[in-house]
Ligand SMILES: *Cc1c(COP(=O)(O)O)cnc(C)c1O
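Residue numbers (the working numbering): -2 to 346.
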């Protein structure tokens, strides 16, 4: 149980607390009878599959996710990618030109971009040499205006998961929102923190269909939190933020039993093969352990190796400018054929 006192009411921005949310036609009438005549939303009445506004609360999709993730639908909010979800979290809790967030570089770039867009300060506490959170230094960095602590686990671009003891300590000691970005959790042996939501009222977990679930193109991000936090985020989200095609495609793919599981299995098998092949590439000096569908490796000269691969038609990510990642590149695990091309090319340059 959380030991320190945490009061969500003190964290929500006053403007958001006072907000009267937009009420859409589909919010105000929520019957689901097919026999209804809908003349309330100024839609074009001729059927083409998308002539009607989508369900603003994504009921059917949330139902499926609720079963897959074993969590109540009232604890789920969906967004146009997790990037929208993250932006909603900023706008709910951070007062522009006053509040700050804490991030742990090297990490996902969107947290600081969103902070900059929203005029929110950024406190950086670098990860340790083994890319773990430095708990005491993080807690020392906290001030009265620190509203959100972002923990990305497994972390991008390093690939490792954060120690669960460290995460638990931060959840207990930090009185703001702890947002755990679990974009890569399905590739990891670690259990998701969504199982611990009832214990920690300050916990928000984000996930996505973009990685393990193979649907980066439809843009669907998930946010799991207390019913209270979800209702605050719901009050500020654009009414129809998840479009009809996205909802339909997600439902269709998620209904294929075992699909994601077998693809994840294959990707993890390929990751093992890829790592063992990388060990014999002469200019790779370090392969970092990965709980994700990518591997961070240290090379002799990241810019040179990046350019050489580009010339051979292979695009990787150069992460050398990230703190602690000098001369590191990030390699996504591809199909067996793609990985073979990568390995053969690395061995020939
Ligand atoms: C890829 C990724 C996401 C996914 O963002 P979407 O907007 O859902 O595609 C989120 N967080 C991290 C750390 C990522 O690497």
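Just so you know, even glycine gets a beta-carbon here, dropped at the ideal spot from N, CA and C.
Do you know offhand how far residue i's Cα is from residue j's?
{"i": "residue 318", "j": "residue 247", "result": "36 Å"}
{"i": "residue 133", "j": "residue 333", "result": "43 Å"}
{"i": "residue 353", "j": "residue 203", "result": "The first residue shown for the chain is -2 and the last is 346, placing residue 353 beyond what the model contains."}
{"i": "residue 190", "j": "residue 177", "result": "8 Å"}
{"i": "residue 272", "j": "residue 154", "result": "16 Å"}
{"i": "residue 297", "j": "residue 255", "result": "41 Å"}
{"i": "residue 293", "j": "residue 187", "result": "19 Å"}
{"i": "residue 161", "j": "residue 303", "result": "34 Å"}
{"i": "residue 104", "j": "residue 26", "result": "43 Å"}
{"i": "residue 117", "j": "residue 205", "result": "24 Å"}
{"i": "residue 59", "j": "residue 151", "result": "24 Å"}
{"i": "residue 173", "j": "residue 345", "result": "51 Å"}
Checking 8 Å against the spacing of the C-beta atoms, do residue i and residue j come in under that value?
{"i": "residue 222", "j": "residue 200", "result": "yes"}
{"i": "residue 90", "j": "residue 111", "result": "no"}
{"i": "residue 156", "j": "residue 291", "result": "yes"}
{"i": "residue 181", "j": "residue 288", "result": "yes"}
{"i": "residue 146", "j": "residue 159", "result": "no"}
{"i": "residue 326", "j": "residue 315", "result": "yes"}
{"i": "residue 209", "j": "residue 261", "result": "yes"}
{"i": "residue 71", "j": "residue 226", "result": "no"}
{"i": "residue 282", "j": "residue 295", "result": "yes"}
{"i": "residue 97", "j": "residue 119", "result": "yes"}
{"i": "residue 13", "j": "residue 198", "result": "no"}
Going by beta carbon distance, what residues of the same chain come within less than 8 Å of residue i, once the five residues before and after it are set aside?
{"i": "residue 21", "result": "38, 50, 53, 236, 237"}
{"i": "residue 55", "result": "75, 239, 244"}
{"i": "residue 167", "result": "130, 132, 135, 136, 146, 148, 175"}
{"i": "residue 311", "result": "338, 339, 342"}
{"i": "residue 45", "result": "none"}
{"i": "residue 194", "result": "68, 72, 200, 202, 221, 222, 223"}
{"i": "residue 300", "result": "315, 317"}
Once DSSP output is grouped into helix, strand and coil, what is the label at residue i?
{"i": "residue 340", "result": "helix"}
{"i": "residue 302", "result": "helix"}
{"i": "residue 107", "result": "helix"}
{"i": "residue 278", "result": "coil"}
{"i": "residue 209", "result": "coil"}
{"i": "residue 157", "result": "coil"}
{"i": "residue 234", "result": "coil"}
{"i": "residue 115", "result": "coil"}
{"i": "residue 352", "result": "A query on residue 352 cannot be resolved here, the shown segment of the chain reaching from -2 to 346 and no further."}
{"i": "residue 268", "result": "helix"}
{"i": "residue 188", "result": "coil"}
Report all residues from its chain with a CB closer than 7 Å to the CB of residue i; omit the five preceding and five following residues, and keep chain order.
{"i": "residue 9", "result": "89, 90, 229"}
{"i": "residue 265", "result": "184"}
In this structure, what does DSSP give as the bridge partners for residue i?
{"i": "residue 221", "result": "73, 202"}
{"i": "residue 328", "result": "292"}
{"i": "residue 176", "result": "147, 201"}
{"i": "residue 121", "result": "100"}
{"i": "residue 284", "result": "294"}
{"i": "residue 315", "result": "326"}
Quick one: residues in its chain with C-beta nearer than 6 Å to the C-beta of residue i, no 5 flanking neighbours on either side, listed in chain order?
{"i": "residue 128", "result": "155, 157"}
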